[in-house]
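Protein chains: 2
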Amino acid sequence: MARVRGEKGEKSEKNEGPEGAAGPAEAVGVAAGNDAVRLLWGPRPKPGRGPKPGLDLDRIAHAGIKIADAEGLGGVSMQRAAALLGVTKMALYRYVPGKAEVIALMVDAAIGRPPEQDAAGATAPGWREELDGWARRLFDVFRLHPWLLEATVGPRVMGPAELGWMEQAVSALDGTGLTGAERMDAAVLLTGHVRAIAQQARAAAPTSGTEAQLGAVLGALLAEHGGRFPALTAALDSTRETGGQDEAWEFGLRRILDGLAVLIDQRPA
Amino acid sequence: MARVRGEKGEKSEKNEGPEGAAGPAEAVGVAAGNDAVRLLWGPRPKPGRGPKPGLDLDRIAHAGIKIADAEGLGGVSMQRAAALLGVTKMALYRYVPGKAEVIALMVDAAIGRPPEQDAAGATAPGWREELDGWARRLFDVFRLHPWLLEATVGPRVMGPAELGWMEQAVSALDGTGLTGAERMDAAVLLTGHVRAIAQQARAAAPTSGTEAQLGAVLGALLAEHGGRFPALTAALDSTRETGGQDEAWEFGLRRILDGLAVLIDQRPA
DNA sequence: TGCTTTTAGTGTCCGCTGGACACAGTTGAC
DNA sequence: GTCAACTGTGTCCAGCGGACACTAAAAGCA
Numbered sequence: 570m571a572r573v574r575g576e577k578g579e580k581s582e583k584n585e586g587p588e589g590a591a592g593p594a595e596a597v598g599v600a601a602g603n604d605a606v607r608l609l610w611g612p613r614p615k616p617g618r619g620p621k622p623g624l625d626l627d628r629i630a631h632a633g634i635k636i637a638d639a640e641g642l643g644g645v646s647m648q649r650a651a652a653l654l655g656v657t658k659m660a661l662y663r664y665v666p667g668k669a670e671v672i673a674l675m676v677d678a679a680i681g682r683p684p685e686q687d688a689a690g691a692t693a694p695g696w697r698e699e700l701d702g703w704a705r706r707l708f709d710v711f712r713l714h715p716w717l718l719e720a721t722v723g724p725r726v727m728g729p730a731e732l733g734w735m736e737q738a739v740s741a742l743d744g745t746g747l748t749g750a751e752r753m754d755a756a757v758l759l760t761g762h763v764r765a766i767a768q769q770a771r772a773a774a775p776t777s778g779t780e781a782q783l784g785a786v787l788g789a790l791l792a793e794h795g796g797r798f799p800a801l802t803a804a805l806d807s808t809r810e811t812g813g814q815d816e817a818w819e820f821g822l823r824r825i826l827d828g829l830a831v832l833i834d835q836r837p838a
Numbered sequence: 570m571a572r573v574r575g576e577k578g579e580k581s582e583k584n585e586g587p588e589g590a591a592g593p594a595e596a597v598g599v600a601a602g603n604d605a606v607r608l609l610w611g612p613r614p615k616p617g618r619g620p621k622p623g624l625d626l627d628r629i630a631h632a633g634i635k636i637a638d639a640e641g642l643g644g645v646s647m648q649r650a651a652a653l654l655g656v657t658k659m660a661l662y663r664y665v666p667g668k669a670e671v672i673a674l675m676v677d678a679a680i681g682r683p684p685e686q687d688a689a690g691a692t693a694p695g696w697r698e699e700l701d702g703w704a705r706r707l708f709d710v711f712r713l714h715p716w717l718l719e720a721t722v723g724p725r726v727m728g729p730a731e732l733g734w735m736e737q738a739v740s741a742l743d744g745t746g747l748t749g750a751e752r753m754d755a756a757v758l759l760t761g762h763v764r765a766i767a768q769q770a771r772a773a774a775p776t777s778g779t780e781a782q783l784g785a786v787l788g789a790l791l792a793e794h795g796g797r798f799p800a801l802t803a804a805l806d807s808t809r810e811t812g813g814q815d816e817a818w819e820f821g822l823r824r825i826l827d828g829l830a831v832l833i834d835q836r837p838a
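Residue numbers (our numbering), protein chains in the order written: chain S, 570 to 838; chain X, 570 to 838.
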């Protein structure tokens, strides 16, 4: 396996200034961009002369995923991942230049390739049904790996799997008369909704203390300070368990698709 | 000032298990819920007998904001914030039970109260104009404090300012025939779009290395692996600088408002 | 006025993190 | 058979969030 760090001095440049003084550096910073691209998109350097590598990027990614699924992204550390693989943490640095890249690999592996959807008979489904199904499948992924939300904030490089999802959404809009930019914007719009609801679902998840505790907190707050938020109070009162986040998901999805339909209908095909 | 930690043993409960074994614990975890509620919503305990407090929650929040604005959320540590205020980091723990609460305070202070918008003459603006302006103003806030994106992932308690924004959006839909739940869902939908574009804008921000580097990376990737992503390649080729993220913002906003209009028009007022 | 109690800020300590670096042992190529 | 490349380990470091004991200041009460 080829050296994972380029020039050995390259990595040290990260430490310039007191704290980097520029980027978030929190998750997958852009500083890791080039490295991350190489790791995500290959080519994976073939083993050369030394001892056989005991690990590979996939195993590392899945070790991280296992931890993150069980304990959240905060539970993922180089130590824990390495321990899960039966090596010391420094062994991981033979495969990956830093933690940011581990997370990038985790993200792409966890998102996974989008399932093929055509088949299902001879009738072509139409853009609306396709996008609807696409959004639901993506939502399922975020529900399965809630930490994906935190892991995908900030500037980062998309991996092949993630790009595959984008491809599928954009191609669902082929032949609708929308321009290329518009098709991509539509995919971004849908992704935003998926993320928004996934986030809201996580807040109400039973993992978080006692049941839908946060919703209760909101209710209590409005009960106490309701005077300052009349419209919210009224809205919440008139709701009272109409459906919860499932409703928000369906509502937003329908609104977005309706909005797209308005545009598509007035376009010459 | 009253003791900030309740029973002194309460805090230790956080350390149960190897790593909490439950929550993300990364940002503002739900474990901080009760404390965060007290700090965000008051009542602020009035000073009692001891030495005069040299700080207050607002100053702490703004110190954190200053750092985060300059260096990103990753640059915010108790040490740095305390140093900016001229005290040791442990002094902060007299006001705040932990870092999570500092971030919660930063978030609410940075989001700020939504500007009043009525006035502007006698003509009532109508829900569409109101929501449009609302979304743009919220977007401005996220552009001003990009770290808000990272700071607001995960389950958390909303502060008065944040709830004020929600209030404004919901009240803009009063009288449209939408149910309370639907009005809230619409607000969530818009917020999701604001966040999605804010995130995408951050990726292309000049802060990140050389200019819109990440967009270039995407282009290079598609140039190399374009065969696997035909629809994306076509979309991106047909685009070529049609406008960038501004277009995505306008596109999504219009689509959402169109979708809402479809629903509202078919509702009896 | 003086004493006592409450409290603000400090200093010290701990476990953990991500990462640099030097080293030992294994392997393939010549 | 020798050598160069490479994997995994051990050790070290600065920085992090936070617990805890301590000193000093201020207010209430006698």
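The beta-carbon is built from N, C-alpha and C at its ideal position, and this holds for glycine as well. The structure displayed is predicted, hence computed values, not measured ones.
Secondary structure of residue i, DSSP reduced to three states
i: Ser646/S; result: coil
i: Ala594/X; result: Residue placement at Ala594/X is flagged as unreliable, the pLDDT there being 36, under the threshold of 50; the coordinate-derived value follows with that caveat. It is coil, neither helix nor strand.
i: Phe708/X; result: helix
i: Ala693/S; result: coil
i: Pro724/S; result: coil
i: Gln768/X; result: helix
i: Thr748/S; result: coil
i: His714/X; result: coil
i: Phe798/X; result: coil
i: Val757/X; result: helix
i: Gly702/S; result: helix
i: Arg824/X; result: helix
i: Gly788/X; result: helix
i: Val831/S; result: helix
i: Val665/X; result: coil
Sequence-distant residues of the same chain with beta carbon closer than 7 angstroms to residue i, five excluded per side
i: Ile829/S; result: Position check: residue 829/S holds Leu in this sequence, whereas Ile was assumed. Result list for Leu829/S: Ala755, in chain order.
i: Arg824/S; result: none
i: Gln737/X; result: Pro683 and Trp703
i: Leu742/X; result: Trp696, Arg752 and Ala755
i: Ala632/X; result: Ala650, Leu653 and Leu654
C-beta atoms of residue i and residue j nearer than 8 angstroms
i: Ile833/X; j: Thr692/X; result: no
i: Phe820/X; j: Leu732/S; result: no
i: Leu624/S; j: Val656/S; result: yes
i: Met675/S; j: Ala637/S; result: yes
i: Leu822/X; j: His762/S; result: no
i: Val665/X; j: Ile629/X; result: yes
i: Val739/S; j: Leu801/X; result: yes
i: Val831/S; j: Val786/X; result: no
i: Leu609/S; j: Ala669/S; result: no
i: Val726/S; j: Val606/S; result: yes
Residue span of the alpha helix (DSSP H) that contains residue i, given as start and end
i: Thr685/X; result: The question names Thr, yet the displayed sequence has Glu at residue 685/X. Unbroken run through Glu685/X: none, as it is neither H nor E.
i: Gly619/X; result: Segment: none, Gly619/X is in no alpha helix (DSSP H) and carries neither H nor E.
i: Gly633/S; result: Leu626 to Glu640
i: Pro729/S; result: Pro729 to Ala741
i: Leu661/X; result: Lys658 to Leu661
Residue i classed as buried or exposed, judged by whether at least 16 other C-beta atoms fall within 10 angstroms
i: Arg771/S; result: buried
i: Asp627/S; result: exposed
i: Gly749/S; result: buried
i: Leu805/S; result: buried
i: Glu793/X; result: exposed
i: Asp604/X; result: buried
i: Ala594/S; result: Residue placement at Ala594/S cannot be trusted, given a pLDDT of 36 that sits under 50; the coordinates are not used to answer.
i: Met659/X; result: exposed
i: Leu713/X; result: exposed
i: Ala789/X; result: exposed
i: Gly796/S; result: exposed
i: Leu747/S; result: buried
i: Gly617/X; result: exposed
i: Ala596/S; result: For Ala596/S, the pLDDT reaches just 39, beneath the cut-off of 50, and the residue's location in the model is therefore unreliable, leaving the point undetermined.
i: Pro724/S; result: buried
i: Gly611/S; result: exposed
Same chain, Cβ closer than 8 angstroms to residue i, neighbours up to 5 away in sequence not counted
i: Ala817/X; result: Ile766 and Gln769
i: Phe708/S; result: Val763, Ile766, Ala767 and Trp818
Cβ shell of residue i (< 6 angstroms), same chain only, five flanking positions each side left out
i: Gly641/S; result: Trp716
i: Ala730/S; result: Asp677, Ile680, Gly681 and Arg682
i: Glu719/S; result: Leu642
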